[in-house]
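Everything in the sequence shown is counted per my numbering, starting at 1 for the first residue and increasing by one. We put the CB at the ideal spot given by N, CA and C, even for glycine. Here is the structure we will look at, set down as structure tokens.
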Amino acid sequence: MHVHLSPGGAPRALALLGGQGIKHLVNLSGGSPGRGLEEQMAEARRFPGRISVFCNADFREARTPGYGKRMAKTLEQSKAMGAIGLKIPKGLGLGYEGPDGKLLPVDDPGLDPLWKRAGELHMPVAIHTGDPKAFWLPANMLNERWDELQVHQGWSFYGAPVSWQQLFDAFERLVARHPKTIFIGVHFGNDPEDPERVGQLLAKYPNLYIDTAARVPEIGRQDAAHAQAKVRALFERFQDRILFGTDAGIGAEAEDLMLGSSGADPPTPAEVTRFFDATWRYFETDQRGFEHPTPIQGRWKIDGIGLPPAVLAKVYAGNAVRLLGIPIAP
Ligand SMILES: [Zn+2]
């Protein structure tokens with residue numbers, strides 16, 4: 001469900017992920033018309049049936065009034081070019097500015113025409129809001145994500161004008177306000193640290209789906225909120241609305257490889273192996289206390305949830321095939 005391909009990265013991505021049994025990739029970094037989408041669609045077409053593309057919105061538009069309607073028009077154009085969905089990065093709520101120069105909230109009413117049009121065009125909106133809660137705490141050695149924050153200093157939102165909770169509440173209001181638009185809350189519904197809360201949202205909003213991209217370290221974490229039985233029950237209850245994703249970022253060159261979260265250097269072959277092995281082990285076994293897929297994303301261990309084969313089949317592929325109309329080659 002969730003990869004980021006840079007131009008020229010498709011052959012490497014298909015080889016790497018294909019080697020793991022993944023037959024189809026959904027590239028969430030399609031760009032917008034005149035800003036990458038032409039190239040990304042051309043590359044996807046070189047590999048028929050293997051790559052689908054989500055477009056992005058150009059949020060520079062939001063600095064001029066009337067942006068919602070213009071962005072809705074561009075979305076139509078993107079769909080005509082072959083994009084099947086829209087991906088919204090975490091910049092919405094944390095960085096993009098409106099016409100008044102102020103931060104655009106996640107549920108900004110000016111964007112309503114865009115969400116409405118996405119629903120009418122049957123284009124799911126994959127949306128990333130917020131980030132791990134530790135990114136809002138002081139970035140020092142007491143922070144449980146210190147390894148990651150040292151490498152990515154721009155990921156610290158300590159002292160940011162908007163809190164984690166404000167962002168998440170706005171995300172919920174957005175999903176509630178557009179029941180005819182499908183939203184895919186990436187990174188486990190944008191709250192992998194509180195699966196119970198994610199379950200409440202899934203129960204309340206039938207238009208909400210979630211993906212697992214880059215959050216196996218959180219959802220597998222050994223603590224009370226993430227007890228195997230609880231998380232497995234969530235997957236079983238919402239087995240039709242959870243989509244498997246890796247968040248792999250892949251470009252043309254060997255060093256253009258990001259798995260979940262990048263370190264200072266590209267991952268070593270051993271780290272690539274660990275990433276996939278720990279991912280499959282998490283979903284497919286109930287082994288306990290093993291290393292999670294991404295060394296940099298917190299120094300804790302995880303427990304597997306050993307999903308039944310029928311649920312696994314839906315999460316790994318079936319749900320994406322149904323929701324996105326992906327043609328799967330035999
Ligand atoms: Zn991503």
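| query | result |
| --- | --- |
| Per DSSP, cross-strand counterpart(s) of residue 290 | 302 |
| Integer-rounded CB distance, given that residue 52 should sit under 8 Å from residue 324 | 6 Å |
| Environment of residue 4 [buried if 16+ CB atoms lie within 10 Å] | buried |
| Buried or exposed (CB count within 10 angstroms, at least 16 for buried), residue 140 | exposed |
| Cα-Cα separation between residue 75 and residue 287, rounded to whole angstroms | 44 Å |
| Beta-carbon proximity list for residue 221, same chain, < 7 Å, skipping 5 on both sides | 300, 302 |
| Residues sharing a beta bridge with residue 209, DSSP | 184 |
| Residues bridged to residue 193 [DSSP beta-bridge criterion] | Paired residue(s): none; residue 193 is not in a bridge. |
| Boundaries of the beta strand (DSSP E) in which residue 248 is found, first to last residue | 248–250 |
| Assigned exposure category for residue 158 - 16 Cβ within 10 Å defines buried | exposed |
| Interface flag, residue 107 vs chain C, CB-CB below 9 Å | As a matter of chain content, chain C is missing from the structure shown, which is built from one protein chain. |
| Classification of residue 16 by the beta-carbon crowding that lies within 10 angstroms, buried from 16 upward | buried |
| Start-end ranges of the beta strand (DSSP E) lying completely within the stretch 65–143, minimum 3 residues | 85–88, 125–127 |
| Beta-carbon proximity of residue 146 to residue 164, cut-off 9 Å | no |
| Check: residue 186 C-beta below 8 Å from any heavy atom of ligand 1 | yes |
| Proximity test, residue 28 beta-carbon vs ligand 1 heavy atom, cut-off 8 Å | yes |
| Cβ neighbours of residue 317 in the same chain (closer than 6 Å, five flanking residues each side left out) | none |
| Near ligand 1: residue 152 beta-carbon under 8 Å from a heavy atom | no |
| Residues near residue 182 by beta carbon distance below 6 Å, same chain, minus five either side | 124, 207 |
| Any non-hydrogen atom of ligand 1 closer than 8 Å to residue 213 Cβ | yes |
| Residues that DSSP places opposite residue 27 in a beta bridge | 3, 53 |
| Paired residues, beta bridge with residue 22 - DSSP | DSSP output for residue 22 lists no bridge partner at all. |
| Which of helix, strand or coil DSSP assigns to residue 281 | helix |
| For residue 129 and residue 68, the rounded distance between their alpha carbons | 19 Å |
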